[in-house]
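Input: a single structure, listed below in structure tokens.
In this note's numbering, the protein residues as written are 885 to 1098.
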């Protein structure tokens, strides 16, 4: 493996996301007749040259990014929320490293999270900056056994209920027509539509995606 180009292997693993098995096949094509190309030798070669599939940050870099997140969301987010947000931005880090970074950049916030059980059990993981920023839609089926399901839409900034409807069972068409469409006609289209993982909002999400750029 001494004659193998480090930059070539780094590009395969980091940029292209190739596995060790795939790297071996590509190396055999690039270096025909080369011996000692095994999974173990490739693993050792990557370890020796600091080649990792994940984008690993130094402690200083992780603390810097964590400080930016804390400055934006305040004391609410713990290590799991910060980890998920970083992953959505393409930054990968473990729970322990993020927890350590949080304790360094915001020790007071960490104490508040540890002692304030109300905020732990009722987190506020996102916020809206203005009226029309985020529209929240949800449904309740507590009275479904009596033939009543309620669906409502709420503006995330003001908390105002902008539309609601009752129906016997959840229905994509009725929800889109009587809740989402009503809210948009009366208040214009929102920048984002936030819902849970239920399938009853698929039509509303589709219409939002098609028209949000108008």
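We put the CB at the ideal spot given by N, CA and C, even for glycine. Values in this document were obtained by computation on a predicted structure and should not be read as measured data.
Spatial distance of residue 970 from residue 976 (CA atoms): 7 angstroms
Next on the checklist: I need the boundaries of the beta strand (DSSP E) containing residue 1020, first residue and last residue.
Outcome noted: 1018-1024
- Where residue 1083 and residue 1030 are concerned, what is the direct C-alpha to C-alpha distance, given to the nearest angstrom? 22 angstroms
By the three-class DSSP mapping on this structure, what secondary structure does residue 898 have? helix
Subject >> Contact between the region 976-988 and the region 1033-1051 (3+ Cβ pairs under 8 angstroms) >> reply: no
Proximal residues to residue 1062 (C-beta, below 6 angstroms), its chain only, five neighbours per side dropped = 1049
Between the region 920-934 and the region 954-964, are three or more C-beta pairs nearer than 8 angstroms? no
With respect to the beta strand (DSSP E) encompassing residue 1036, which residues constitute its N-terminal and C-terminal limits? 1033-1039
Buried or exposed (CB count within 10 angstroms, at least 16 for buried), residue 956: exposed
Can we say the region 1012-1026 touches the region 992-1000, given the rule of at least three CB pairs closer than 8 angstroms? no
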